[in-house]
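For the sequence shown, position 116 matches number 116 in my numbering, and the numbering has no gaps at all. Notes follow once the structure below has been shown.
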Amino acid sequence: MPFWFLGMLALIAVPFAAHGQGWSPDRPVTILNPYAAGSTTDQLARALAVGMAPRLGQPVVVVNRDGAAGGVGTAQAARATADGHYLLFAPAVVFSVLPARGEVGFTAASFTPICQSFENAMAIAVRPESPFTSLADLVAAARARPGTLTYGHQGVASIPHLAAIELAEVARVQVQDVPYRGEPAVVTDLRAGRVDFAVLVMGSLAAGGLRTLGVFAPERHPLLPEAPTVMEQGFAVAPTSFGGLFAPAGTPAAAIARLEAACLEAARDEAHRNVGARMFQPTRPEADAASLAARLARDIADKRRLLGLIQEAK
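Put into structure tokens, the structure is as follows:
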């Protein structure tokens, strides 16, 4: 039976949490990714699943449930049976931002961290034919025509969206955001000229064909050394996105420990690192459950100020 069909069976079983079977090596592990197929998180999740399967001795499948900047899929994962067979692969933003903006059906307390396996930098990109050849060009145009330039991002309150809002505040410009359900759609419309620029996870630059005006990081990325940072161009903005694997709260400690070990080992595989390199990942992004939990707590506190900027922009 193919893995994708097993994954669909696992999703169908989610509403019937009352059955509550314990950990079983005969059942597949389903990892839900709350973003679109083909996105950076999707490719990283699938690479992790490939490495985890032999270590767990059972199939590990990835299923996409995108929408609401990750809120739709995360809410579904929060309702899953807490037995270790249904997991979430997501960035910290779904916990640090989405619950603070309204009722979404989950909070950070709805999940137990398993392991961190990725860390993403953001970048500002334009199509090759764009008249903007530098961030200075873009800022100058935005100041000359307040509120007329448009930019795409993967969803309201996503890290790319927050990065753009923070940059607009620091640069003292007004630009119009255009939210999408995922980055593949953002890139498509950017290339077609339907938006003036985009703020993307750097992994979305891997396919090429876009001009990078700036990277949101303290220093230049070794895989894109020709692209200047936003900071070196005079704007002190450098948000990052991190995340990994989570389980519904209440998942037995023994299952968490088993999953954490498999996740960390898979993240260190050469095959996983090769995929990560193509997605502009750092060399060692992985961290254990305790470290991920502590970093998530800090991120929740850090995002409060940026959420205030969204309210002010309304």
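Glycine included, each C-beta is placed from N, C-alpha and C at the ideal position. Keep in mind it's a predicted model, so treat the numbers as computed, not measured.
One or two residues paired with Thr-240 in a DSSP bridge
Here residue 240 refers to the residue found at position 240 of the sequence shown. Paired residue(s): Ala-121.
What's the call for Gly-102, buried or exposed, on a 16-neighbour Cβ count within 10 Å?
Taking the sequence shown and counting its residues from 1, one reaches residue 102 at position 102. Burial call: exposed.
Restricting to Cα atoms, I'd like to know which of Leu-296, His-85 and Gly-193 is closest to Thr-251.
Position 251 of the sequence shown, counted from the start, is the residue given in the question as residue 251. Of Leu-296, His-85 and Gly-193, the residue nearest in Cα terms is His-85.
Using the C-alpha atoms, what's the distance from Thr-30 back to Gln-176?
Sequence index remark: in the sequence shown, residue 176 carries index 176 (1-based). Sequence index remark: in the sequence shown, residue 30 carries index 30 (1-based). If you take the alpha carbons of Gln-176 and Thr-30, they lie about 38 Å apart.
Does the beta-carbon distance from Ser-39 to Pro-239 come in below 8 Å?
Position 39 of the sequence shown holds residue 39. Position 239 of the sequence shown holds residue 239. No, the pair does not count as a contact, with Cβ atoms beyond the cut-off.
Starting from the C-beta of Arg-46, find all residues in its chain whose C-beta is less than 7 Å away, skip the five residues before and the five after it, and write them out in chain order.
The residue given as residue 46 occupies position 46 in the sequence shown. Once the five neighbours on either side are set aside, the close Cβ partners of Arg-46 are Val-62.
Buried or exposed for Pro-113, please, with buried defined as at least 16 other CB atoms from any protein chain shown within 10 angstroms of its CB.
Locating residue 113 in the sequence shown gives position 113, where the first residue counts as 1. It is buried - the Cβ of Pro-113 has at least 16 other Cβ atoms within 10 Å.
Selected residue, minimal CA-CA separation from Pro-54, among Ala-262, Ala-217, Ala-100 and Arg-295
Your numbering for residue 54 matches position 54 in the sequence shown. The residue with the shortest Cα to Cα distance from Pro-54 is Ala-262.
For the ligand NAD, any of its heavy atoms closer than 7 Å to the Cβ of Glu-129?
In the structure shown, the ligand NAD is absent, as is every other ligand, since no ligand is present at all.
Whole runs of the alpha helix (DSSP H) within the stretch 36-61, excluding any shorter than 4 residues
40-56
Close-in-space but distant-in-sequence residues of the same chain around Phe-246 (CB under 7 Å, 5 per side omitted)
If you number the sequence shown from 1, residue 246 lands on position 246. Hits under 7 Å: Leu-87, Leu-88, Ala-90, Phe-111, Thr-112, Pro-113 and Ile-114.
Span separating the alpha-carbon of Arg-304 from that of Glu-265:
Along the sequence shown, read from residue 1 onward, the residue named residue 304 stands at position 304. Along the sequence shown, read from residue 1 onward, the residue named residue 265 stands at position 265. In a straight line, the C-alpha of Arg-304 is about 34 Å away from that of Glu-265.
What residue range is occupied by the uninterrupted alpha helix (DSSP H) comprising Thr-188?
In the sequence shown, the residue the question calls residue 188 occupies position 188. Taken as a continuous stretch (DSSP letters only), the alpha helix (DSSP H) holding Thr-188 covers 183-191.
Would you mind giving the Cβ-Cβ distance between Leu-190 and Ala-125, rounded to the nearest angstrom? I have them listed as a contact below 8 Å.
The sequence position of residue 190 within the sequence shown is 190, counting from 1. The sequence position of residue 125 within the sequence shown is 125, counting from 1. Sure, about 7 Å apart at Cβ, within 8 Å.
Should the stretch 65-76 be called in touch with the stretch 126-135, which here means at least 3 C-beta pairs below 8 Å?
no
Considering only DSSP beta bridges, list what Asn-274 is partnered with.
Translated into positions along the sequence shown, residue 274 becomes position 274. Asn-274 is not bridged to any residue.
Who are the near neighbours of His-161 in its chain, counting only those whose CB is closer than 6 Å to its CB and skipping five residues on each side?
Position 161 of the sequence shown, counting from 1, holds the residue named residue 161. Taken in chain order, the residues that qualify are His-153.
Quick one: what does DSSP say Gly-203 is sitting in, helix, strand or coil?
Here residue 203 refers to the residue found at position 203 of the sequence shown. Gly-203 falls in the helix class under three-state DSSP.
Under 8 Å, do Phe-95 and Ile-300 count as touching if we go by C-beta distance?
Here residue 95 is taken as the residue at index 95 of the sequence shown, counted from 1. Here residue 300 is taken as the residue at index 300 of the sequence shown, counted from 1. In this structure, Ile-300 lies closer than 8 Å to Phe-95 by Cβ.
Is the stretch 197-217 in contact with the stretch 278-286, if contact means three or more CB pairs nearer than 8 Å?
yes
Where Glu-270 falls, given that 16 or more other Cβ within 10 Å makes a residue buried:
Taking the sequence shown and counting its residues from 1, one reaches residue 270 at position 270. It counts as exposed.
On the DSSP letters alone, give me the boundaries of the alpha helix (DSSP H) that Leu-213 sits inside.
As a working note, residue 213 is residue 213 in the sequence shown. Leu-213 -> not in any alpha helix (DSSP H); beta strand (DSSP E) instead, spanning 211-216.
Using a threshold of 8 Å, state whether the C-beta atoms of Phe-197 and Leu-259 are closer than that.
Position 197 of the sequence shown holds residue 197. Position 259 of the sequence shown holds residue 259. No.
Taking just the CA atoms, how far does Ala-168 sit from Pro-146?
Residue 146 sits at position 146 when you count from the first residue of the sequence shown. Residue 168 sits at position 168 when you count from the first residue of the sequence shown. Distance between the alpha carbons of Pro-146 and Ala-168: 11 Å.
Please go through the same chain and pick out, in chain order, the residues whose beta-carbon is closer than 6 Å to the beta-carbon of Asn-64, but skip the five residues on each side of it.
As a position in the sequence shown, residue 64 is number 64, starting the count at 1. Here the set comprises Asn-33 and Ala-37.
Between Leu-149 and Ala-140, is the Cβ-Cβ spacing less than 8 Å?
Numbered from its first residue, the sequence shown carries residue 149 at position 149. Numbered from its first residue, the sequence shown carries residue 140 at position 140. Against a cut-off of 8 Å, the Cβ pair of Ala-140 and Leu-149 comes out as no contact.
Could you spell out the range, first to last residue, of the beta strand (DSSP E) harbouring His-153?
Working through the sequence shown from its first residue, we reach residue 153 at position 153. 150-153 is the extent of the beta strand (DSSP E) around His-153.
Would Leu-200 and Ala-92 qualify as a contact pair, given that the criterion is a beta-carbon distance under 8 Å?
Taking the first residue of the sequence shown as position 1, residue 200 is located at position 200. Taking the first residue of the sequence shown as position 1, residue 92 is located at position 92. Against a cut-off of 8 Å, the Cβ pair of Ala-92 and Leu-200 comes out as no contact.
Can you tell me the Cα-Cα spacing of Phe-242 and Ile-159, whole angstroms?
Translated into positions along the sequence shown, residue 242 becomes position 242. Translated into positions along the sequence shown, residue 159 becomes position 159. One C-alpha to the other measures close to 10 Å.
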